[in-house]
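2 protein chains.
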Amino acid sequence: MALKALFEPRSVAIIGASSNPARIGGRPIAYYLAAGFKGAIYPVNPNREEIQGLKAYPDMASIPGSVDLAILAISANGVADAVKECGKKGVKSIVLFSAGFSELGDEGDQLQADVDQAAKQYGIRILGPNCLGLYNADNGNCPTFTSGLEGGFPNKGRVGLITQSGAYGTHLLTMAKSRRLGVSKWISTGNEGDITVAECLEYLIDSDTVDVIGCYMEGVKKPETLIRALKKARAAGKAISIMKVGVSDVGSEAVQSHTASLTGSDASFQALIDQYGAQRAQTTEQMFDVLYAASLSPRAQGNKLGILTVSGGAGVLMADAAETQNLAVPAMPKQAQVKLVQRNPLCAPRNPVDITANALNDFALVGESLAAMCNEGGYDLLVAFFTSLIASPVHGEKLLATLSEGIKAQGKPFALIGQGPDEVLKKYEAAGIMVFEDPSRAVAALAALARFNTAFQQVDTDLVDLPNIGTINLPSEKIGEADAKQYMIRTGISVPAEELVKQPADAVKAANRLGYPVVMKIVSPDIAHKSEAGGVALNLANENEVQAAADLMLHTVAQREPTARIEGLLISPMIGNGVDLIVGSQCDPIMGPIIMVGLGGIYTEILKDVKVALAPVTAKQALAMLQSLRGAALLAGVRGQAAVDVNAVADAVCRLSVLAVQNADTIESIEINPLRAMEKGALALDALIIAKQTA
Amino acid sequence: MALKALFEPRSVAIIGASSNPARIGGRPIAYYLAAGFKGAIYPVNPNREEIQGLKAYPDMASIPGSVDLAILAISANGVADAVKECGKKGVKSIVLFSAGFSELGDEGDQLQADVDQAAKQYGIRILGPNCLGLYNADNGNCPTFTSGLEGGFPNKGRVGLITQSGAYGTHLLTMAKSRRLGVSKWISTGNEGDITVAECLEYLIDSDTVDVIGCYMEGVKKPETLIRALKKARAAGKAISIMKVGVSDVGSEAVQSHTASLTGSDASFQALIDQYGAQRAQTTEQMFDVLYAASLSPRAQGNKLGILTVSGGAGVLMADAAETQNLAVPAMPKQAQVKLVQRNPLCAPRNPVDITANALNDFALVGESLAAMCNEGGYDLLVAFFTSLIASPVHGEKLLATLSEGIKAQGKPFALIGQGPDEVLKKYEAAGIMVFEDPSRAVAALAALARFNTAFQQVDTDLVDLPNIGTINLPSEKIGEADAKQYMIRTGISVPAEELVKQPADAVKAANRLGYPVVMKIVSPDIAHKSEAGGVALNLANENEVQAAADLMLHTVAQREPTARIEGLLISPMIGNGVDLIVGSQCDPIMGPIIMVGLGGIYTEILKDVKVALAPVTAKQALAMLQSLRGAALLAGVRGQAAVDVNAVADAVCRLSVLAVQNADTIESIEINPLRAMEKGALALDALIIAKQTA
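In structure tokens, the structure reads:
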């Protein structure tokens, strides 16, 4: 528990303490007092005897008791000395508000280095610099000057919020308050000179008082910590929603001018999120909707949505939204439909179950219909449209009682579409019922719960199901087709039979041995696109054609790529029909090796129909990637063509991913393009391995 | 102005009037009184002398003055007689609340027919049945029993809301109130026995007091009216946001059980919306955001977004959102950047312009930076992040004054990301400044304004720029390749040179005339997929190959399609390389002929990379369709291939669309598959015309 002193200090000192609760050195003290913090609070200020009713101390050494946590609200150039002073006092953790470090370039970098050295010397962990601190509702620990706590603390609850940006973090905290979210902890990490979002995430996942966590990130500094945290969260069934910005060109430029973090490739970050079943929030509101849903609802058990409505129109709208969100909307069983209509002749009983405005005349219909949907319909998730009826002076209380009872008995996630004042919404929320104004948002939040459930069911495969390919150390240089294919064979990936020859005459002999028709390709470590260099000849039917093609190819390539080293001509039999794919690994600077598979050729380049995952992937994971391609139907066979051997493809993807991980330190990318998937088997028709550039 | 009496009656009668303002026949009276309606109000009820303080009349005939509008709050089986009574009294318009008509099947259909007949006899226009009526803020006309007016009327403003669903319409009205939207008119159309959403839309577009309109639709009953309305809206620069539900399988089933309207194909509806630049809202909130933005903001003049922020993180987030929304985020001019940094050393001046928390110490920075962005940056749209500062006791008033002045001088759409109580938000809104809590929603709303601007600049091309193809009456029967190609030639679409022969020997002679290599295809009106029937042979190089292919083809086809009528063999020269597209028309039951173009072959079927528009389209419109294909880069030439002749493709698409419109009554679909686009020209390699089935 390296962060225990930061989150649960028994005593706190504020260096740069101020009597003015509006100032950066005064606010934390005011918040500590308002929150009823039970530990000792020591303002440090050489010019005051007393600050905000507390005895002030001239320096750290004068403080009588021990200090777990120090808050530094002083200018940047005094920070390193203050850290040393804290170290001598035995402080374990520091919250460093001060700006003026690495976000300002070289001079700031030097200040940061001085601080790092002092912290290391005394074993002090630091949150910041350039951060707004944190808030822990469990114990009233408030080492923060965020304005988000002005006007009151948020409701206590089981949500954690972690944010790299201070100002945006304050915005999030204020949103949490206005949306009645129950907050346990809020943390702003700033420049992350030491403690990162990922480390805080891990701490919150380990915390007993946090179930659901929202993160706002600009860059990933410790991917290994993030990966460990996400794994833990999945194993513990804790829902994580992450908003990572800096995706656009302008956005990532702004990130780099704004903090010192590397943004990393978005595709690999997305792959990480997908792998561990966290939610990638595209908008702030989407993140809040998920936090709201996950903190109020029991865990979803499946993805079948039951829709209860008093408006046909709203029912249709919610059914549309369910399709968009990949939720199933199965019909009620026939018998149950008959019973619903017998009881309520105007009822549309299928699903959506439209009980119409009749419900207002005979209120028992609401409870009975809901029970029928849960018990006979077997839905996993429920959404109900009652609009402003939920706050109606006539029907409101009855509706609340009926729905609360109904849903308590079932223990299923339940979203209500309704409108009313906060006091009314709070009553529903206290019963575990979410209330949304927009039906589409309600359905999206339910769908997120269903996806979390799917993710929580995944076992961590890690390396358990991976094939043993032995130890293959790829040389740290560019490896052309012929050698690359030898490595593919060692990795367990099939390649066509082939012979490498130097002379046209040998090409003819090789073709005679391999059998016609044959394919001829130039072999050179310097030529990436063979076709464009004139280095590919297909469907050569006899000796004469092979001889002519070899002469022409050597001549053309010599003209087009005069500096390329030519290793010879590769002769192989023409391969049968099938579907061409591209399989590749790429070493991401932040995430390490990622693996990609897609439909081959120009369609990969133009339609971008590829899937990416962190390497290694098991064959099962690779199969799921293949099946989620937009063009997956091509693999199942279209227009009477046979389905291709997707298991062979998945096996190749898996094996390549293992090879990439083994060689992550030296190899930049490995690419099989194309991998020909046939009715039986899959062959790497070409392969290329590129080593990392050594500086 | 067929609907004038409905929206602007001088006198109103309520048949089924009730003293109880909570009842369906009592609510409208209470609303009329509360709204201060200036015209005469006549409650009709044989059992009362007085209702809600007004003199009541036993029947229509007893009313002393004339009646423009009657409200029918009675049960369905009395409606036809009441309509006749109204007719005799000279009533021009009726709002029919009663349910129990076509939504209940055969019996209801008969009641509807009786009502229709009575209305027709007396020339009365009817809103409903099964509707909640309407509200007109301009004159306090309230023929409605929606609960959405309980607790007060919405703010007056320039927004119109039209909804097919009554209950969802009430939800929308309540949302409009809670979001402080200024409403001019609200209309619920219900079953649309007479007046449709489209007709109301046209009325609102013609209205001087409405600028911005939101529609909720389940089906399109009068497409010609809708098309006319959307054209008018575009010409008048009025922003329309339409939410059409029933898109999913379950949803469209529910629509059909819920109302009597045909949902129509969603792709053709989308094509209609796209063509006239309305917004298709995917969610209710998206619709409200657009209504909010368009009702508060001046018209956008372009799509360049300037981002002002006090938080680097929020700036990055907004830049990302801008990319998602296809807005441009160009940098400030270098000189302007230098000035910003001279004035404010911590400023990140590029765009996002991050003025940092420094702004709080030197407030003039806010106004100066905003001015620099407008004047020197030349942005068309502005978004600024000030979070809860907008309501800060210290800075709030100054910020309001600075931003209001700044934006008044510029007249540009301006969205603020802020948090505060409604009273504060209202002040910004009064200054024409939108306030959003979620930055992504703010950017999306600005992007919608930019798209409206683009649409408003389109001139209505109608048939002006269409080629004259003469009059071509396609026969009302299935037309196979050979005849279909003759029609293509008459339409001005090129096809390969070719000859139709009956015997293998004639095939050889034809090939000799056309020149080798040739292609041979079976000709039969009964075979749609020639390849699968064994009816295609490519690349035949000489007499022997042609002879052999012809013998084999006739034999194979006879075996695989024994009942197909064989008209002969079509011989044509092999065509040069290029990109194969599919071009087709389809007659939508609601929208009429629509035209589709996409990349050909399995990629159309599997990746669904096609664009659809209402026919006819001009060549310019067709070109825009081509350029918006995901795979458009294929047409520009990849991997050293030449770009294809997109103008020739666009011309073919345009001509086919004209042919489809000419034959809309009899022809179901026309398909060119493939259309081979080459470096110069485009050739219809195959074509098929299918007539409508006559019942």
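Protein chains in written order, with my numbering: chain A, 1 to 695; chain B, 1 to 695.
In this text, a Cβ means the ideal position worked out from N, Cα and C, and glycines have one as well.
Just so you know, these numbers come straight off a predicted model, no measurement behind them.
Could you spell out the range, first to last residue, of the beta strand (DSSP E) harbouring residue i?
i                           : result
phenylalanine 385 (chain B) : 381-387
methionine 596 (chain B)    : 592-599
valine 638 (chain A)        : From DSSP, valine 638 (chain A) is part of no beta strand (DSSP E); its letter is neither H nor E.
asparagine 136 (chain B)    : 133-136
So what's residue i in DSSP terms, helix, strand or just coil?
i                        : result
methionine 678 (chain B) : coil
methionine 553 (chain A) : helix
tyrosine 516 (chain A)   : coil
glutamate 49 (chain B)   : coil
tyrosine 276 (chain A)   : coil
serine 524 (chain B)     : coil
serine 18 (chain B)      : coil
proline 504 (chain B)    : helix
methionine 318 (chain A) : helix
threonine 144 (chain B)  : strand
serine 241 (chain B)     : strand
isoleucine 390 (chain B) : helix
glutamine 486 (chain B)  : helix
alanine 5 (chain B)      : helix
proline 43 (chain B)     : strand
threonine 259 (chain A)  : The pLDDT assigned to threonine 259 (chain A) is 45, lower than 50, so where the model puts this residue is not dependable, and the model offers no usable value.
lysine 427 (chain B)     : helix
isoleucine 566 (chain A) : coil
methionine 332 (chain B) : coil
Residue i: buried (16+ other C-beta within 10 angstroms of its C-beta) or exposed?
i                        : result
lysine 680 (chain B)     : exposed
aspartate 696 (chain A)  : Because chain A spans 1 through 695 in this model, residue 696 (chain A) falls outside it and cannot be assessed.
histidine 258 (chain B)  : Low per-residue confidence applies at histidine 258 (chain B): pLDDT is 49, beneath 50, and the placement is therefore not dependable, though the value from the model is reported in the following sentence. Result: buried.
glutamate 85 (chain B)   : buried
asparagine 141 (chain A) : buried
serine 531 (chain B)     : exposed
glycine 515 (chain B)    : exposed
proline 616 (chain B)    : buried
Comparing C-alpha positions only, which one of the options sits nearest to residue i?
i                        : options                                : result
arginine 48 (chain A)    : A:Gly16, A:Ala70, A:Cys347             : A:Gly16
alanine 348 (chain B)    : A:Val644, A:Ala549, A:Glu253, A:Thr196 : A:Glu253
lysine 502 (chain A)     : A:Tyr516, A:Asp551, A:Glu150, A:Ala5   : A:Asp551
isoleucine 590 (chain A) : A:Asp665, A:Gly534, A:Ala564           : A:Asp665
histidine 171 (chain A)  : B:Gly315, B:Leu204, B:Ala484           : B:Gly315
lysine 231 (chain A)     : A:Ser265, A:Thr209, A:Asp274, A:Thr196 : A:Asp274
aspartate 194 (chain A)  : A:Phe37, A:Ile124, A:Cys215, A:Ala99   : A:Ile124
leucine 296 (chain A)    : A:Ser184, A:Tyr216, A:Ala336, A:Pro413 : A:Pro413
glycine 160 (chain B)    : B:Asp320, B:Pro223, B:Val210, B:Lys238 : B:Val210
glutamate 368 (chain A)  : A:Asp380, A:Ser392, A:Gln342, A:Leu381 : A:Gln342
aspartate 116 (chain A)  : A:Ser248, A:Ala294, A:Ala482, A:Pro129 : A:Pro129
leucine 54 (chain B)     : B:Ser62, B:Pro43, B:Ile63              : B:Pro43
How far does the alpha helix (DSSP H) with residue i in it extend, from its first residue to its last?
i                       : result
tyrosine 168 (chain B)  : 166-178
lysine 222 (chain A)    : Counting along the chain, lysine 222 (chain A) falls outside any alpha helix (DSSP H), and DSSP gives it neither H nor E.
threonine 309 (chain B) : Premise fails: threonine 309 (chain B) lies in the beta strand (DSSP E), 305-309, not in any alpha helix (DSSP H).
valine 290 (chain B)    : 284-296
Using 8 Å for Cβ pairs, my map puts residue i next to residue j. What's the rounded Cβ distance?
i                        : j                        : result
glycine 576 (chain A)    : methionine 678 (chain A) : 5 Å
asparagine 303 (chain B) : alanine 328 (chain B)    : 6 Å
May I ask you to list, following chain order, the residues of the segment 419-438 of chain B that have a beta carbon less than 8 Å from some beta carbon of chain E? Within the model displayed, chain E is absent; protein chains A and B are what it includes.
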